[in-house]
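Enquirer: Pasting a structure here, questions to come.
There are 2 protein chains.
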Amino acid sequence: MSFADASLTALRVFREVAQRGTLTAAAVALGYTQSAVSRQIASLERAAGTRLLERRHDGVLLTPAGQLVLRRAATVLDQVDATARELAGLPDEHGTVRLGWFASAGAWLVPRALAELHRTHPAITVTTREGSTPALVRALRAETIDLALLAAAPPFRPPDSETPALHLQTLVERSLCVAVPEAHPLARGEFIDVADLHGQRWIAGPTSGEDRLMGVWPGLDERPEIAHTARDWLAKLRLIAAGCGITTVPAGLTGALPSGVRILPVRGGPREQRRLLLARLPKPPAEPVARLAAALRAVAIESDRRSMTG
Amino acid sequence: MSFADASLTALRVFREVAQRGTLTAAAVALGYTQSAVSRQIASLERAAGTRLLERRHDGVLLTPAGQLVLRRAATVLDQVDATARELAGLPDEHGTVRLGWFASAGAWLVPRALAELHRTHPAITVTTREGSTPALVRALRAETIDLALLAAAPPFRPPDSETPALHLQTLVERSLCVAVPEAHPLARGEFIDVADLHGQRWIAGPTSGEDRLMGVWPGLDERPEIAHTARDWLAKLRLIAAGCGITTVPAGLTGALPSGVRILPVRGGPREQRRLLLARLPKPPAEPVARLAAALRAVAIESDRRSMTG
DNA sequence: GCGTGGTATGCGTAGATGTCATGAGCTTCG
DNA sequence: CGAAGCTCATGACATCTACGCATACCACGC
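Residue numbers (our numbering), protein chains in the order written: chain B, 1 to 310; chain H, 1001 to 1310.
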């Protein structure tokens, strides 16, 4: 029994697990039961002769051997799938880029950049997926996506500590803002004082375990009143327009506002910087990947300049 | 059902079949029955949605789709096996070259070149296999060997017509010679006249179907008398030393003669040129492969020079 | 303590993957 | 021409694998 006896399905399952971070999630994604996934991993580990995953109560982590196997599995599966496409007479995927993005980038930056890219390079096809930062990072490592737009807050640590380190590029760095209804008293000025945020009703994101609470201004010295929780930006902004509360937003969202909402910077207190990062594996990107990266960069910078001056 | 559902075993079987040229031979090599191989291929073809092999009465040929799959399968299996080695803590195979050679190169050129290479580059490991020209060509295509020493006779056609064409390099081009016992009347002169070859007793190679008869001087206008057939060079030469007959030999064998045998050129009749070719896939070779190629070239040329002048 | 995440495992079944035996097609040889 | 010898294909059967289901187990948070 050696790794050479591993099966392609096992490699597929393993890649999915590495990407999802959880046997259960991988099972759902693959349409398997959790037990099937558990067994596949067990069999792969038996073939490899080592543990590939470190089991934790909140999911799994890749051991060094697991990282090795993941790298190889990714290229193996890519080869196989490319062969399948080629045999099926489908266009090969060299002109296709897979982009992952975190929720707030989808409202503004991604569509703009795709439109721009389609104008200048119509031959490039882009597929995208939304995901959380850790999900996107895992997807990058599993080579399931080629590029990821990530949000980062101080202290700006790299999003994972595995090797090789991801290639990171800061697209823009902006201050966190607050979105308020146009009719709201806070909406009268050109900025909001941090002291005025006391006692507000907040619209937060879904509380996602380890992550810090999103949507509420950080560092408030009170227990915030969460009036609503929503994941979707459009829902959140509509709730604001309806006067149901206020929430924090990245400055980049300015261009995508529905009527009835104003976005204002906050003065006083520590500056809440947020970075928009473009991440990829450190190896040199294929040409369409580089094109998309360039388009994202261009749109981000241009929109940054416009919102500074406008 | 798509090619993505193919199994690694099927790919392994397919590679072996491509390398052997026959389901039956692949089955023997793999320790399977012929029927198992047949089923595996059938299942792979079902997954691919096309025929990968053209069935012929004397074996199989790869269809264009089959060539595509072979290329991919070779890299996939290489990846998997490399992973297996790495997990097992074995040294990786980057320093290893796999060389294939046809029988008469094994007696002289190969050992000399390996000794030379070991002296100058002790870190490079070489594994070798003997094989017929078509077997070696298939092994090159299946990426089971990195380099092949081939023999070629006029009209010097490329050894296969698949794409991409193999990269071929002529190491030496020499005339076919005849080996005779020292005590033989023909051994008295410095050369043999083609007319004197009439009525001799020949030691031939095993009659291998399509191939022309080896060991007997080509173009004799009589039915030759085959006294013995032998595959092994040492056996053949010993038979000659014992006076049992004569046979044709490539000139390069001169340096590896047992006592009691003389090798002489033949005058009269058309010149029977034989080339020693070094073949590899057209992609740029890894550094150890290039080193071995250089060593083979050097030894071949040097031995050519010595036998011309000596 | 109990509900809610996670993973592991016993059990029964369906399907994949082998072997064996046989068949069908072609070439070679007597 | 017919038998032998080679090829690949295929029906019948055994076995082993890998799945789903149900359950057990463990750690965390309320």
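Glycine residues also receive a C-beta, built at the ideal position from the N, C-alpha and C atoms.
(1) Excluding sequence positions up to five away, which residues of its chain have a Cβ less than 6 Å from the Cβ of ALA1065/H?
(2) Out of LEU1070/H, ALA1152/H, VAL1060/H, point me to the one whose CA is closest to GLU1272/H's CA.
(3) Which of the three DSSP states is assigned to TRP1202/H in this structure?
(4) Is it buried or exposed, LEU1250/H, if we count other Cβ atoms within 10 angstroms and call 16 or more buried?
(5) So, at 8 Å on beta carbons, what are the nonlocal neighbours of HIS198/B in its own chain, with the 5 sequence-adjacent residues on each side left out?
(6) Considering VAL1137/H, what are the terminal residues of the alpha helix (DSSP H) in which it resides?
(7) Just to confirm the assignment, what range does the alpha helix (DSSP H) spanning VAL17/B have?
(8) Which parts of the region 214-249 of chain B are runs of the alpha helix (DSSP H), unbroken and 4 residues or longer, counting only runs that do not cross its ends?
(9) For a contact meaning CB atoms closer than 9 Å, what does ARG1072/H contact in chain B?
(10) Below 6 Å CB to CB, which residues in the same chain sit around LEU168/B once its five sequence neighbours on both sides are set aside?
(11) In this structure, how does DSSP classify GLY95/B when only helix, strand and coil are distinguished?
(12) Check whether the Cβ atoms of LEU1150/H and ALA1293/H sit closer than 9 Å, and answer yes or no.
(13) Along the beta strand (DSSP E) that carries PRO1265/H, what are the first and last residues, could you check?
(14) Does ALA179/B come out as helix, strand or coil in the three-state DSSP assignment?
(15) Could you confirm whether any beta carbon from chain H is found closer than 9 Å to the beta carbon of ALA139/B?
(16) Taking LEU68/B as the query, report the chain H residues whose CB atoms sit under 9 Å from its CB, ordered along the chain.
(17) Report the rounded CA-to-CA distance for THR1024/H versus LEU62/B, giving the unit in angstroms.
(18) At the 9 Å Cβ level, is SER35/B part of the contact set with chain H, yes or no?
(19) Below 7 Å CB to CB, which residues in the same chain sit around THR1033/H once its five sequence neighbours on both sides are set aside?
(20) Whose CA, out of GLU1143/H, PRO1288/H, ARG1238/H, lies closest to the CA of LEU1077/H?
(21) Please tell me whether ARG1238/H and PHE1156/H are closer than 9 Å, where the distance is taken between their beta carbons.
(22) Leaving out the 5 sequence neighbours to the left and right, which residues in its chain are closer than 8 Å to GLY189/B when beta-carbon positions are compared?
(23) Excluding the five sequence neighbours on either side, which residues of its own chain have a C-beta within less than 6 Å of the C-beta of VAL180/B, listed in chain order?
(24) Do three or more CB pairs link the region 1099-1113 of chain H to the region 1124-1138 of chain H at distances below 8 Å?
(25) Just tell me which of ALA1084/H, LEU1140/H, ARG1072/H has its CA closest to the CA of GLY1021/H.
(26) Kindly indicate which residue of ALA195/B, LYS236/B, ALA235/B has the alpha-carbon position closest to the one of PRO218/B.
(27) Return the residues of the region 43-62 of chain B that lie within a Cβ-Cβ distance of less than 8 Å from chain H, sorted by chain order.
(28) Beta-carbon separation of ILE1203/H and LYS1236/H under 9 Å?
(29) Ignoring anything shorter than 4 residues or poking outside the region 1101-1130 of chain H, list the alpha helix (DSSP H) runs there in chain order.
(30) Starting from ARG1072/H, trace the beta strand (DSSP E) both ways and give me its first and last residue.
(31) Quick one: grab the DSSP three-state call for THR1170/H.
(32) From the beta carbon of ALA1295/H, is the nearest beta carbon of chain B less than 9 Å away?
(33) What span of residues does the alpha helix (DSSP H) with ALA1187/H cover, start to end?
(34) Should LEU1011/H go down as buried or exposed, given a rule of 16 or more other Cβ atoms within 10 Å for buried?
(35) So, is the C-beta of ILE4/B closer than 9 Å to a C-beta in chain H?
(36) Anything in chain B within Cβ reach of ALA1065/H, meaning under 8 Å, just list it in chain order.
Expert: Let's see:
(1) THR1050, LEU1052
(2) Looking only at LEU1070/H, ALA1152/H, VAL1060/H, the smallest Cα-Cα distance to GLU1272/H is reached by ALA1152/H.
(3) strand
(4) Before going further, note that residue 1250/H is Pro rather than Leu in the sequence given. Result: buried.
(5) LEU220, GLU222
(6) 1133-1141
(7) 8-20
(8) 233-241
(9) GLN79, VAL80, ALA82, THR83, GLU86
(10) LEU277, ALA279
(11) helix
(12) no
(13) Unbroken beta strand (DSSP E) run through PRO1265/H: 1261-1267.
(14) strand
(15) no
(16) Chain-order list of chain H residues neighbouring LEU68/B: THR1083, GLU1086, LEU1087, by C-beta distance under 9 Å.
(17) 42 Å
(18) Taking Cβ atoms only, chain H never reaches closer than 9 Å to SER35/B, which makes this a no.
(19) ALA1027
(20) Measuring from the Cα of LEU1077/H, the nearest candidate turns out to be GLU1143/H.
(21) No; because the gap between Cβ atoms is not below 9 Å, this pair is not in contact.
(22) LEU264
(23) LEU186, ALA187, ILE246, ARG262
(24) yes
(25) LEU1140/H
(26) ALA195/B
(27) ALA48, GLY49, THR50
(28) yes
(29) 1109-1120
(30) From DSSP, ARG1072/H is part of no beta strand (DSSP E) but of the alpha helix (DSSP H) over 1064-1087.
(31) strand
(32) no
(33) Secondary structure note for ALA1187/H: it is in no alpha helix (DSSP H), with a DSSP letter that is neither H nor E.
(34) buried
(35) The sequence given here has Ala at residue 4/B, not Ile. So yes, ALA4/B belongs to the interface.
(36) Close to ALA1065/H, with beta-carbon spacing below 8 Å, are these residues of chain B in chain order: LEU87.
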